[in-house]
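Numbering (my numbering), first residue to last: 54 to 236.
So, in structure tokens, the structure goes:
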């Protein structure tokens, strides 16, 4: 699967598109209460397909090591997402989304304190059901994914640049000596 750029969610009521810069992720524990997400979690839930995601560990002031996380099987999975439509002053429509996050599982915890909410495939239908408008009915889907079904490996700094959009970003690299000694 290629890399996909996600446009940050910009709620329909936002005054300008810059609001979306603060809404690329939403904490699943509070999304139903936050003005930016509470309507979307009731009516505009979506699946965001992926085959991996990246998180970074900081080593010192300047150095950071990116890691790729995915399923042991290499299969595509789905993040729990919310979408919205925003109209600019010229009536142009921008479709946007956000990824819901949750507590980290055992494989992510030593790298980051949050992780994307990866849905179990058996929860897809319920998550997408437009007849479910009570957010509490779907919030139990937003839990840490089983760490035993996931893998992680270090990748190079190429992933840190948005203009790099190719498979090389996800290529495993050996840990640097400084990073390897910290664990």
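Glycine included, each C-beta is placed from N, C-alpha and C at the ideal position.
Subject >> Same chain, Cβ closer than 6 angstroms to residue 66, five either side skipped, listed in chain order >> reply: Position 13 of the chain shown, counted from the start, is the residue given in the question as residue 66. The predicted model places residue 66 with a pLDDT of 46, which falls under 50 and marks its position as unreliable; any figure quoted below should be read in that light. Counting only Cβ-Cβ distances below 6 angstroms, and skipping sequence neighbours, we find nothing.
Original post:
Hey, residue 121 and residue 229 are a contact pair by Cβ (cut 8 angstroms); roughly how many whole angstroms apart?
Top reply: By 1-based counting over the chain shown, the position of residue 121 is 68. By 1-based counting over the chain shown, the position of residue 229 is 176. Going by Cβ atoms, the distance from residue 121 to residue 229 rounds to 16 angstroms, so no, they are not a contact pair.
Subject >> Residues near residue 202 in its chain [Cβ-Cβ closer than 7 angstroms; skip 5 each side] >> reply: What you label residue 202 is simply residue 149 of the chain shown in a count that begins at 1. 124 and 125, listed in sequence order.
Original post:
In three-state terms, what does DSSP make of residue 105?
Top reply: Sequence index remark: in the chain shown, residue 105 carries index 52 (1-based). Coil.
Original post:
Residues in its own chain within less than 7 angstroms of residue 170 by CB, not counting five upstream and five downstream?
Top reply: Position 117 of the chain shown, counted from the first residue, corresponds to residue 170. Cβ within range, chain order: 81, 132, 133, 153, 154, 155 and 195.
**OP:** Entirely within the region 144 to 192 and at least 3 residues each: give me those beta strand (DSSP E) ranges in chain order.
**Re:** 146 to 155
**OP:** Identify the continuous alpha helix (DSSP H) that holds residue 93 and give its terminal residues.
**Re:** Along the chain shown, read from residue 1 onward, the residue named residue 93 stands at position 40. That run of the alpha helix (DSSP H) goes 91 to 96.
Original post:
Shortest alpha-carbon distance to residue 173 belongs to which of 128, 225 and 226?
Top reply: Taking the chain shown and counting its residues from 1, one reaches residue 173 at position 120. Nearest of 128, 225 and 226 to residue 173, Cα basis: 128.
**OP:** Can you check the region 114 to 145 for any beta strand (DSSP E) of at least 3 residues that lies completely inside it and give the ranges in chain order?
**Re:** 116 to 124 and 130 to 140
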